[in-house]
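Down below is the structure, laid out as structure tokens.
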Amino acid sequence: MSAPILFAELFTTKYVVDLIQNFNSNTYQHILLLVSLLMVMLYLAGLNSSLRAISLTNLTSTSIYELENSILEKTSKLSTVLLEDPATKTKREKAKRLSLIDLLDQWTGVTVHLITLVALMVVLSVYGFYMLALIILGVQILQLYLMKRMSQKVESISANQTSSVRMNNYLVDLLVNRNTIPEVRMYRMSSYLFSSMKESFTSNF
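Written out as structure tokens, the structure is:
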């Protein structure tokens, strides 16, 4: 469904460019049609995002059982010392960020935006809006650069955290995360985790 919506967005964009090129400020119907088409573009963009979200949700729900079994199988083989190791938490966080579903969603979004951007550049160039095309392209490049820098900054901050702070974050995550609470209760680890967290907090002050 997203492909037809994408073509509808491109067609609407081309038609809006035609109206802007032949704009007549004295025609009330012309202005009303232009505003209506812009609203249609926003609606199509929102519909496309909703369909992507629904598809991702369905994909996640079908694989959640296998993912939980895989996590339980791997974590059951870890000793208590390894579970308390901050390096283990780092690896788990990276594994979550690099999960197949997340990567698929990211690449799908990048592909759709890239196709839309190229088509928009072509339409604007055909109608002679070279400066606007360059401005839009420059903004997109700046956005990608800033996103990359922010990602690197977050990774750097995470890597420079002290082991005690990361241990506290891990303990808190075990105690409040709804996915780990059943296991914590089942193995009666609440008291142990609270004691470990208090000791870790006390050692920092």
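Be aware that the sequence shown starts at 0, since it is given in numbering that gives the first Met the number 0, and climbs by one per residue.
Heads up, the beta-carbon is just placed ideally off N, CA and C, and yes, glycines get one too.
Treat the numbers as computed from the prediction; the structure is a model and nothing was measured.
- The three-state secondary structure of TYR126, taken from DSSP, is coil.
- Less than 8 Å separates the beta-carbon of LEU170 from that of SER195.
- Going by beta carbons, MET120 and LEU136 fall inside the 8 Å limit.
- Taking C-beta atoms as the reference points, LEU131 and LEU123 count as a pair closer than 8 Å.
- Sequence-distant partners of LEU116 (beyond 5 residues in either direction) whose C-beta falls short of 8 Å from its own C-beta, in its chain, are ILE135, LEU136 and GLN139.
- Restricting attention to TYR126, LYS152, PRO181 and TYR144, the CA atom closest to the CA of ASN21 is found in TYR126.
- LEU173 counts as buried, since no fewer than 16 other beta carbons sit within 10 angstroms of its beta carbon.
- Apart from sequence neighbours up to five positions away, no residue of its chain approaches LEU141 with a beta-carbon distance below 6 Å.
- Secondary structure of ASN168 (DSSP, three-state): helix.
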